[in-house]
Amino acid sequence: MRQLELLAPARDAQIGIAAIDCGADAVYIAGPQFGARQAAGNTIEDIRNLCSYAHKFGARIFVALNTILYDDELEAAYRQMLAVQDAGADALIIQDMAVLKMAQEGLGDMKADFHIPLHASTQCAIRTPEQASFLESLGFSRLILERELSLEQIKAIRSATSCELEFFVHGALCVCYSGQCYLSEKIAGRSANRGACIQACRSRYDLVDQDGKVLVKDKALLSLKDYNLRDRIEELADAGITSFKIEGRLKNESYVRNVVRDYSLALDEIVSRRPSDYERGSFGSVSGGFTPDTSKTFNRGYTELFIDGRRGRWASMDAAKSMGEEIGSIASLNRDKSEIGLKFTSKDIMLNNGDGFSFVTKDGKVAGFRGDVCQGKTIRCKSTPSLFIGAKIYRNINAAFEKEIERKNCTREIRVKAVISFTMQEDGWKGTASASSEDGRAVSITFDAGSQTAENYERMRDMICRQICKSTSLYRFTEISIDDPGQLPFMSAASLNGIRRDLAQMLDNEPCGKKDILLRKQGKVTKPLPQKDITYKFNISNHISHRIYQEAGAVEIGKAYEIDPIRSAELMRTRYCIRYELGLCPVHQGAKVSKPLFLLNNGQRFALHFDCKACEMTVTEA
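Numbering (the working numbering), first residue to last: 51 to 672.
Here it is as structure tokens:
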């Protein structure tokens with residue numbers, strides 16, 4: 051039997067706790083520094099508190115330390131590694147090989163027992179069996195694979211490795227192969243590999259040919275739709291994926307709760323149908339709350355990308371932000387009253403005061419407005435600029451749904467079985483109560499039950515069951531067995547409630563019942579380097595990572611682009627192809643395009659190159 055893990059993002063500890071309450075088996079979060087999202091840092095104390103809460107359910111906390119490091123940052127990074135381990139983190143997610151080396155050997159005179167596992171970040175660009183096998187041999191316990199892989203490619207990597215495999219299943223998509231995008235660094239001096247990406251792929255560009263002819267004007271030509279593999283999780287599990295990762299360390303709490311709940315239900319369904327094959331990666335059952343719906347939360351439209359090994363239309367060119375669900379079109383417009391009349395696409399649509407709407411203007415720009423008062427098919431708003439009859443209207447904020455998520459909290463509880471036995475002795479009734487939780491913890495207490503015998507045996511027995519089988523703290527007492535000599539003591543509801551609370555407190559004081567405590571692999575280079583010439587794409591930015599590749603047999607070792615920005619560098623390589631997206635592909639669509647193509651943005655010009663043999667596109671300086 052194999053564990054399946056739902057891995058949720060958390061901008062902060064509060065969102066991490068919410069994710070666990072909604073069914074996450076693990077949470078990934080950044081520490082104070084060196085996370086790939088500079089705007090999502092957290093204190094060590096925040097991480098400690100989150101770990102404490104997660105471990106009650108056997109859930110795990112992974113701390114992202116996944117930027118590349120400069121030599122003068124190594125000591126601070128090492129100290130942070132030790133601090134997050136001390137705080138209770140279950141693994142580190144890393145990109146820079148120097149972190150792996152420091153975990154194994156320490157740093158200079160600073161040596162400590164660093165034992166938690168290391169996960170190779172998706173920034174390591176893991177997309178071949180050779181790369182995966184090499185990284186596993188270095189000592190990684192888990193590999194986070196590229197999003198662009200197909201099921202067949204995942205199976206090939208699974209066959210070549212024995213460590214855990216993690217795969218993104220939902221959220222925003224980087225257009226470039228992870229860890230190898232240098233467009234932000236080129237445009238603004240802000241490196242994606244340093245956690246400071248400006249999201250240049252969400253900017254708007256003109257597409258021109260070498261003669262300056264504009265083929266497409268002012269579109270988000272590099273912006274992809276969002277990933278959604280909810281319906282493919284079982285296939286991914288069968289292909290060898292252990293951890294199903296949701297993107298979104300900058301997303302708000304309602305987004306995380308909605309997506310986590312939806313995917314948790316999907317995993318529960320698989321596990322319940324195939325109990326001999328799979329189990330969840332943590333304990334506790336989730337009840338109550340809202341009905342999740344990922345169509346009602348932030349998305350740019352959804353795609354399954356390359357999971358089936360074939361192309362589709364992946365771009366979200368009109369809007370790099372969330373357009374929302376199409377609800378209809380404008381049928382009437384009263385600008386004096388700022389009143390809009392709609393023609394709905396479905397009779398089931400209901401609008402709410404405070405809903406947010408978006409539309410595409412006549413000149414192709416995306417605009418939006420808030421509906422102050424929404425009644426039937428009529429929307430009243432503060433103003434109606436750029437609106438026109440016939441414009442398609444999308445709802446990107448469903449106010450009622452957001453309120454439902456906020457109001458209806460999920461409750462996660464650990465199931466507990468209780469056994470109570472009674473004996474009548476000379477000085478009165480004596481009792482023993484024991485409790486065993488689903489994660490393997492067991493406690494027991496003895497108590498005096500008074501000297502009075504219950505007059506009605508069945509009524510007393512029902513009362514004991516009713517008072518014990520309740521929820522207390524994180525525990526839901528779901529079953530009770532009563533052992534008695536044919537009589538029962540008379541006990542008050544208050545005394546029975548006290549017994550239940552005492553058992554819950556004792557369970558809390560027991561060591562958490564983690565399913566497996568994983569330790570860091572030692573690592574030894576037993577597999578060859580994927581290539582002997584190590585280019586800037588390996589992001590080597592310090593002397594320790596340089597030494598690792600040198601010891602592994604590298605012939606030439608280039609410096610990270612952030613240190614040596616060579617002009618000939620590929621700023622981006624991607625499976626996404628603008629020519630294919632626009633119907634201009636000479637291979638698959640029979641188009642005849644001979645002239646070179648360029649992207650223009652704010653006076654900057656970038657050349658597009660098409661590697662048709664690999665079916666990839668690259669972007670370079672023009």
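Backbone N, C-alpha and C fix where the C-beta goes; we use that ideal spot for every residue, glycine too.
Given the structure is predicted, the values throughout are model-derived calculations rather than measurements.
- Restricting attention to beta strand (DSSP E) runs no shorter than 3 residues, the segment 141-183 encloses them at 141-144 and 168-170, ordered along the chain.
- A direct Cα-Cα distance of roughly 18 Å separates I590 from A114.
- If you draw a straight line from the Cα of R625 to the Cα of D343, it comes to about 29 Å.
- From the listed residues F527, S523 and I514, the smallest Cα separation to D533 is found for I514.
- Between V225 and C251, the CB-CB gap stays under 9 Å.
- Only buried fits F660, as 16 or more other CB atoms lie within 10 angstroms of its CB.
- Under DSSP, the beta-bridge partners assigned to F218 are K295.
- Short of 8 Å from the beta carbon of Y277, and not among the five residues preceding or following it, lie these beta carbons of its own chain, in chain order: R197, F218, V219, H220, G221, A222, L223, E297, Y352, T353, E354 and L355.
- Three or more pairs of CB atoms, one per stretch, sit closer than 8 Å, so the segment 268-283 contacts the segment 358-373.
- In this structure, DSSP gives E488 a state outside helix and strand, which the three-state scheme calls coil.
- If you check the CB distance, P539 and A504 come in under 9 Å.
- A distance below 9 Å separates the beta carbons of Q135 and F164.
- With a minimum length of 3 residues, the unbroken runs of beta strand (DSSP E) contained wholly in the segment 440-519 fall at 442-447, 460-475, 478-487 and 492-498.
- Contiguous alpha helix (DSSP H) elements confined to the segment 536-597 occur at 543-559, taking only those with 4 or more residues.
- Three or more Cβ pairs drawn from the segment 368-383 and the segment 434-443 lie within less than 8 Å of each other, which places the two stretches in contact.
- By the criterion of a C-beta distance shorter than 7 Å, D96 is surrounded in its chain by D62 and A63, once the five residues flanking it on both sides are discounted.
- Inclusion of L193 and T178 in the CB contact set at 9 Å is not warranted, their separation being larger than that value.
- Under the rule that a run must span 3 or more residues, the beta strand (DSSP E) segments found entirely inside the segment 283-333 read 293-296 and 328-330.
- Distance from the Cα of E214 is smallest, within the candidate group A175, L124, A170 and G239, for A170.
- Distance from L658 to K236 at the Cβ level is roughly 15 Å; contact not present, criterion being Cβ atoms closer than 8 Å.
- For T395, the closest of I443, S408, L199 and Q425 by C-alpha to C-alpha distance is I443.
- For R511, the closest of I495, A543 and P325 by C-alpha to C-alpha distance is A543.
- The residue from S595, A238 and K480 with its alpha-carbon nearest to that of A610 is S595.
- The C-beta of V336 has 16 or more other C-beta atoms within 10 Å across all chains shown, which makes the residue buried.
- Here DSSP, grouped into helix, strand and coil, assigns K269 to strand.
- Under the three-state reduction of DSSP, Y255 is assigned to strand.
- In the displayed model, V637 falls within coil according to three-state DSSP, outside both helix and strand.
- Around S102, the same chain offers G138 as residues with beta carbons nearer than 7 Å, after the five sequence neighbours per side are excluded.
- Ranking P59, A68 and M51 by CA distance to the CA of R457 puts A68 first.
- In the DSSP assignment, M131 falls outside any beta strand (DSSP E) and within the unbroken alpha helix (DSSP H) covering L124 to D136.
- Within the same chain, T473 come within 6 Å of K480 by CB-CB distance, once the 5 residues on both sides are set aside.
- In the same chain as R430, and ignoring 5 residues on each side of it, the C-beta atoms closer than 8 Å to its own belong to K387, S388, E389, I390, G421, D422, V423 and C424, in chain order.
- Between the C-alpha atoms of R445 and F107 there is a straight-line separation of about 37 Å.
- Taking P636 as reference, the option from I613, C662 and S618 with the minimal CA-CA separation is C662.
- E180 is positioned such that its CB atom lies no closer than 9 Å to that of L157.
- Among the bridge pairs identified by DSSP, F112 is matched with Y78 and A141.
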